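In the numbering used here, the protein residues as written are -16 to 491.
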Amino acid sequence: MIETPQPGRAEEGRWLELPQKLTRENRWALWRPGAKRGAKGRPVLELVQAANPAVTASVEDPYSWASFERACQALAQAQASGLAYVNSRYNPVVAITFYNALKDGKVAPWAMRYLDMLNCYAEEGVVPGSLLLLYEGGSEQPLTWGNVAVRRSPFIALTGRHLPGSPSRVGTSPTRLQAFIDASRRDFERMIERRGGDPKSHMAGKGLERLLSSLKGVRKTGPGRWMAYSPVREESEPSLSIRLANGRILLYDFGGASTEEVIRALGIGYGDLFTDETPPDLPPSHPRSASLVRLLEGEMLQRVRQAQARLRELGRLPKAFENRGFGLEAALEGGLGALNEHDGVIVYMDAEGRPLNAVVRRGVVKEGENRFYTLTPGHGSPVWIGPGLLQARAGVVVMEGATNALLVWSLVRQEGLGVIGVPGVENGPAKELVARLPLQPIYLYADPHDRRAQVLERWAAPFREQGFPVRLLEPLDPAGRTDANEYAHRHGGQALLERLVELGVGSD
-16 MIETPQPGRA EEGRWLELPQ KLTRENRWAL WRPGAKRGAK GRPVLELVQA ANPAVTASVE
44 DPYSWASFER ACQALAQAQA SGLAYVNSRY NPVVAITFYN ALKDGKVAPW AMRYLDMLNC
104 YAEEGVVPGS LLLLYEGGSE QPLTWGNVAV RRSPFIALTG RHLPGSPSRV GTSPTRLQAF
164 IDASRRDFER MIERRGGDPK SHMAGKGLER LLSSLKGVRK TGPGRWMAYS PVREESEPSL
224 SIRLANGRIL LYDFGGASTE EVIRALGIGY GDLFTDETPP DLPPSHPRSA SLVRLLEGEM
284 LQRVRQAQAR LRELGRLPKA FENRGFGLEA ALEGGLGALN EHDGVIVYMD AEGRPLNAVV
344 RRGVVKEGEN RFYTLTPGHG SPVWIGPGLL QARAGVVVME GATNALLVWS LVRQEGLGVI
404 GVPGVENGPA KELVARLPLQ PIYLYADPHD RRAQVLERWA APFREQGFPV RLLEPLDPAG
464 RTDANEYAHR HGGQALLERL VELGVGSD
């Protein structure tokens, strides 16, 4: 059930405690329960315009948004339940929800512990008995375990019922956020152990039954394994694999469709692939991402979080990242860190924003030292993935070097393009990552050197196998061995962007 306050009767001062980070933005609409019902029978929330509450608003249409002041005025007169903040794709606010956290006007002890840990704005949520907290950053993939959910939603529905005692600010500490995620996840794991330690035993229940009954041509191929026709397209042979593993229902479309496309075609959500008692994000003993590189955890993960926090505290780029063409804001949004005022940290993450590896770039190299060394020994060398890669639709640029890629990502992300940075010339994007990308143009750029042609063909192979149109870009500066960082340092970022467009990026 979703609680709907009396329309048009916002209490005096009800919205005054909202964080200024949100209220100073002109990204506001109103929300109300819609006619449609979600997977759990709850009404799906819909956005309406503050300027005209009879007309729906869209997260894709800035013309349908309003200032905070205008939205508050409209709420007092409209048939709506509350204010909605339209989230930014590139500097998002994460909604952390504690379900069943309020009882008899008090915060549950388990929720109080996490509330102290996060120390950010909190209010009573849309779902009765829930608490909503607001934080910067976080993973693109929704995280859910027990009574905790962490989501980066297109919009955040707010009630304005501020929890007294919580600060009127959005949380910003990545260290606090990660500590909360790790602690709450461990608490849930312990609860599962107390209940018998086998969440997988629940998987042969209603969730799996509903999934199999909604597919065509289902046949059992082994214990906990099935094949079926893909719901994404018409086909003569079954290509969708369904199997149970680690308490999850795993889907794999051999025809190339992503899991997101499959569940969308079935009309279900990620939550339907798990039982109520199984956390979607509990890592196996050696968690791996789709890039086949082991996820960082424990002390290694803490090193990365501390480096990222140190860069934020430093307030400027370390010497290692100076004159590379990008600024502090792009470095922070791209996940970079710092050890000190000289040495920078390049963080390699998977498509969901989870750290896989970190490499230190020295700002001052002494005799006998290498420019680079690893901060996380024992982990592989994945590609650098620009935030929002899976949302790219206008094309993907693949190029040498993480700092080159970060610079280009900071220039082209607003155009709907994604960026992948390849460390060196030997490796390229993994087939598993390529298979997750929506079909779109691929632009390959390698720096001028003797093996340039072979490198480009090697990078192109996995994309061509999946049917992507591939364009091989000419050098930025045919007369010299200039990479993107050097080009931007000499001529400016705008000149680099214009040169990329001239070479054909975004023209297909």
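Cβ coordinates follow ideal geometry from the N, Cα and C atoms, glycine included.
These numbers were taken from a predicted model, which means no experiment stands behind them.
Query, Result
"Just to check my reading of the structure: Pro36 and Ala49 have Cβ atoms closer than 8 Å, yes? What is that Cβ distance to the nearest angstrom?", "With 8 Å as the limit, Pro36 and Ala49 do not qualify as a contact, their Cβ atoms being about 11 Å apart."
"How about Ala375 and Gln423: are their beta carbons less than 9 Å apart?", "yes"
"Following the continuous beta strand (DSSP E) through Glu119, name the residue where it begins and the one where it ends.", "Leu114 to Glu119"
"List the whole-angstrom C-beta distance separating Gly401 from Gly450, where the pair is believed to meet the contact cut-off of C-beta under 8 Å.", "About 17 Å; that fails the 8 Å criterion."
"Pop quiz: Asp430 and Arg464 are said to be a contact at Cβ under 8 Å. What is the actual Cβ separation, rounded to whole angstroms?", "6 Å"
"Leaving out five residues on either side along the sequence, give the residues of the same chain with a beta carbon under 7 Å from the beta carbon of Ser47.", "Ala12, Gln32, Ala40 and Ser41"
"Drop a sphere of 10 angstroms on the beta-carbon of Thr359, count the other beta-carbons inside from all chains shown, and report buried for 16 or more, exposed for fewer.", "buried"
"Closer than 7 Å by C-beta to Arg496: which residues in its own chain qualify, once you throw out the five before and the five after it? Chain order, please.", "Limits of the chain in this structure are -16 at one end and 491 at the other, which puts residue 496 out of reach."
"Here's a check: name, in chain order, each residue in its chain whose Cβ is nearer than 7 Å to the Cβ of Ala471, leaving out the five neighbours to either side.", "Gly308, Leu390 and Leu479"
"Using a threshold of 9 Å, state whether the C-beta atoms of Thr158 and Arg288 are closer than that.", "yes"
"One question on the structure: do Leu198 and Pro214 come within less than 9 Å of each other, judged by their Cβ atoms?", "yes"
"Comparing C-alpha positions only, which one of Glu106, Gln60 and Ala34 sits nearest to Asn9?", "Ala34"
"Can you tell me which of the three DSSP states Asn468 falls into?", "helix"
"Can you find the residues in the same chain that come closer than 7 Å, C-beta to C-beta, to Lys414, ignoring five residues on each side of it along the sequence?", "Pro445"
"Does Leu117 have its Cβ less than 9 Å from a Cβ in chain C?", "Given the protein chain composition of this structure (a single chain), no chain C is represented."
"Would you kindly work out how many angstroms separate the C-alpha atoms of Val131 and Ser167, rounded to a whole number?", "8 Å"
"I need the DSSP call for Ile251, collapsed to helix, strand or coil.", "coil"
"Only counting the same chain, and skipping five residues up and downstream in sequence, which positions put a Cβ closer than 6 Å to that of Asn317?", "The amino acid occupying residue 317 in the given sequence is Gly; Asn does not appear at that position. Excluding residues within five positions, the ones whose Cβ falls inside 6 Å are Leu389."
"At what residue ranges does the stretch 355 to 422 contain a whole run of the alpha helix (DSSP H), taking only runs of 4 or more?", "385 to 395 and 414 to 419"
"Report buried or exposed for Ala314, applying the criterion of at least 16 other Cβ atoms within 10 angstroms of its Cβ.", "buried"
"Figure out for me which residue from Asp165, Met382, Val90 and Ser151 has the closest Cα to the Cα of Thr127.", "Asp165"
"So the alpha helix (DSSP H) Ala478 belongs to, where does it begin and stop?", "Gly476 to Leu486"
"Measure the C-alpha to C-alpha separation of Gly179 and Gly207 and round it to an integer number of angstroms.", "In this predicted model, Gly179 has a pLDDT of only 47, less than 50, meaning its place in the structure is not dependable; the value taken from the coordinates is given anyway. Whole-angstrom Cα-Cα distance: 20 Å."
"Verify whether the separation of the beta carbon atoms of Arg345 and Ala303 is less than 9 Å.", "yes"
"Please report the residue range of the alpha helix (DSSP H) in which Arg96 lies.", "Pro92 to Leu101"
"On a Cα-Cα basis, can you pick out the residue from Glu440, Val438, Pro452 and His432 that is closest to Val379?", "Pro452"
"Which value, in whole angstroms, describes the spacing of the CA atoms of Val347 and His325?", "7 Å"
"To the nearest angstrom, how far is it from the Cα of Arg72 to the Cα of Pro125?", "15 Å"
"Go through its chain and collect everything with a Cβ distance to Met100's Cβ below 6 Å, but skip five positions before and after it.", "Phe163"
"So which of Gly336, Phe237 and Val343 has the shortest CA-CA distance to Asn323?", "Val343"
"Rounded to whole angstroms, what is the Cα-Cα separation between Ala22 and Leu249?", "Note that Ala22 scores a pLDDT of 47, beneath 50, so its modelled location is shaky and nothing firm can be said."
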